[in-house]
Amino acid sequence: MRCFAYFYPKFLGLKTILNHQQITLAIRRLANQVLENHVDSKSSVLIGIQPRGVYLSDRLYEAICKETTTPPDYGKLDITFYRDDLRKGIHVPNHTDIPFSIEGKKVVLVDDVLYTGRTIRAALDALMDFGRPEKVELLVLVDRRYSRQLPIQPDYTGKTIDSIVSQRVKVVWNEDGKDEVVLMD
Amino acid sequence: MTLSTRHLLGIKDLTAQDISLILQTAQEFKEVLQRPIKKVPSLRDVTIVNLFFENSTRTRISFELAEKRLSADTVNFTASGSSVSKGETLLDTVNNILSMKVDMVVMRHSASGAPHFLAKHIPAAIINAGDGINEHPTQALLDALSIKEKHGTLEGVKVAIIGDIMHSRVAQSNLYLLNKMGAEVVVCGPPTLIPKHLSEAFGVRVEYNLRKALEWCDVANVLRIQLERQNEVLFSSLREYNLAYGISRRLLDSLPKPITIMHPGPINRGVELDSDVANSDQSIILQQVENGVAVRMAALYLLSNRQNA
């Protein structure tokens, strides 16, 4: 199926927005932007949102480690219990792993696609239960602008795209290095 | 993934997949309980009544904490001092409470099958917190989580359930659960306290010799002698029971390998367990209590979703 989609994307209504090379470059740029704004990395932490944001934050953390010898603390946050659509269906939780205090720290939240903003709202609520950060910033690979349902904007963006509600944007992470961002009708 | 049932009446009705889902969710709730703010807003829109027609310390506090840590609204009911003593029936009592807009019921009752009866007659989701000598599902789940934490898995773990099997709902729920999850089980106790049908019903081995059972097992789940449920004399004295089936430090030290000691509480110290055994580092009794809150949070969380889906 993937192979088919790779060679005949138009048949499936798939459109590649970012290919593997572009994603790699975007992550390297984002890593540098984060480092530029967080010179003292001791007071900063990087937190990926489970499950899909973690694929990005893993790669981002790797890129940051290549640039600096003192990388910030890195954690993973699951927001299942804070969702506002829990009653619309069951949601099985993922693992949260924040083995450090975020009290007084500058937090960079990381997710793959920013769409309605509801996930980030839940993540902010979840984050506050771990302490009072000095500041929270948001980093996303893809920003679907003009589709927000809450007043939330990213601080670092890989790529900004315009899309309509019926379309889906998906980041396909592959261990074999064939990452891509696709737009589905 | 979702539970196959609307109520948690017993382990009997759950599938192995349900049990894994509850345990997996409970592990995530354990992490929540380590946070500076040990609370999530998941059940903000749910009201839960705790109906305790029978005495309880651990289970009631554990359920209450679980509900509060999920941000549910809770109402507590105990039979003593209520209109039950004026002769109100169970169904009337519960229907009156439900008409005040309660979504879920946690119930403990001395009559086996009481929660099953309620489940047929009321719309709310019901969690059995122990019914007579039938089942105590959340206890079996927290026991399973504790075994899993200690031994990494349930499959193939050798568990000996020791003591008053006949009157124990904990034993029955544990037998169902361990069977479904592929653990090996031996029950051990005086012949008068082990029902005859047990080995056929669950396919477990019955062992009357405590030392043999302990030499075989990885985990010993020691049950309380339930004096309040015994209308006849099934063993001659507590002292004699302690001599034949009580676990002492000396007995533990003489075993070929260290085993894990569990007990659902409350402990009759000096009867089924000696004090120094209950307090030793082989005992995971307090971890069981800790896991109780997480397991109950998981059960409430998964059932509340199911109900409103």
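Taken in order, these protein sequences are the chains called A and B. Take the first sequence: its letter number 122 is residue 122 in my numbering, and every next letter is one higher. Take the second sequence: its letter number 258 is residue 258 in my numbering, and every next letter is one higher. Yeah, the Cβ is synthetic: ideal placement off N, Cα and C, and Gly gets one too. A quick note: this is a predicted structure, and the numbers were derived from the prediction, not measured.
- Here residue 239 (chain B) is exposed, its C-beta having fewer than 16 other C-beta atoms within 10 Å.
- Contact check between the stretch 238-258 of chain B and the stretch 136-145 of chain B: fewer than three CB pairs, one atom from each, fall below 8 Å, which does not count as touching.
- Identification of residues in the stretch 105-129 of chain B having a C-beta nearer than 9 Å to some C-beta of chain A yields an empty set.
- For residue 100 (chain A), not one C-beta of chain B is nearer than 8 Å to its own C-beta.
- Interface annotation, residue 90 (chain A): in contact with chain B, CB-CB separation under 8 Å.
- Residue 88 (chain B) counts as exposed, since fewer than 16 other beta carbons sit within 10 angstroms of its beta carbon.
- Neighbours of residue 2 (chain B) across chain A, judged by C-beta separation under 7 Å: 90.
- In the structure shown, the three-state DSSP call for residue 36 (chain A) is helix.
- In the DSSP secondary-structure assignment, residue 128 (chain B) is bridged to B:107.
- In the DSSP assignment, residue 76 (chain A) falls within the beta strand (DSSP E) that extends over 73-77.
- Counting only the Cα atoms, residue 116 (chain A) lies some 57 Å from residue 257 (chain B).
- Secondary structure in the stretch 209-237 of chain B: the alpha helix (DSSP H) runs of 4 residues or longer, each lying completely within the stretch, are 210-216 in chain order.
- Distance from the CA atom of residue 91 (chain A) to the CA atom of residue 80 (chain A), rounded to whole angstroms, is 6 Å.
- In the same chain as residue 186 (chain B), and ignoring 5 residues on each side of it, the C-beta atoms closer than 8 Å to its own belong to 158, 159, 160, 161, 204, 205, 206, 207, 213, 216, 217, in chain order.
- Interface with chain B (8 Å Cβ-Cβ cutoff): residue 160 (chain A) is excluded.
- For residue 142 (chain B), the nearest beta carbon of chain A is not closer than 8 Å to its own beta carbon.
- CA-CA distance, residue 51 (chain A) to residue 165 (chain B), rounds to 44 Å.
- Contact between the stretch 184-203 of chain B and the stretch 12-25 of chain B is absent, with fewer than three C-beta pairs closer than 8 Å.
- Secondary structure at residue 3 (chain B): coil, using DSSP grouped into helix, strand and coil.
- Interface criterion not met: the Cβ of residue 48 (chain B) is under 8 Å from no Cβ in chain A.
- At a cut-off of 8 Å, the C-beta of residue 95 (chain A) has a neighbouring C-beta in chain B.
- If you check each beta-carbon in the stretch 36-64 of chain B against every beta-carbon of chain A, the ones closer than 9 Å belong to 36, 37, 38, 39, 40, 41, 42, 43, 45.
- Within the same chain, 104, 105, 106, 134 come within 8 Å of residue 43 (chain A) by CB-CB distance, once the 5 residues on both sides are set aside.
- When secondary structure is reduced to three states using DSSP, residue 68 (chain A) falls in the coil class, being assigned neither helix nor strand.
- Residue 303 (chain B) places its beta carbon less than 8 Å from that of residue 3 (chain B).
- For the pair residue 52 (chain B) and residue 60 (chain B), the CB atoms are nearer than the 8 Å cut-off.
- For residue 160 (chain B), the enclosing beta strand (DSSP E) has its first and last residue at 158-162.
- Residue 262 (chain B) sits close to residue 285 (chain B), with the two beta carbons spaced by under 8 Å.
- Between residue 82 (chain A) and chain B, the shortest Cβ-Cβ separation is below 8 Å.
- Neighbours of residue 78 (chain A) in chain B, taken as residues whose beta carbon is under 9 Å from its own, are 28, 31 in chain order.
- When beta bridges are read from the DSSP output, residue 48 (chain A) appears opposite A:76, A:110.
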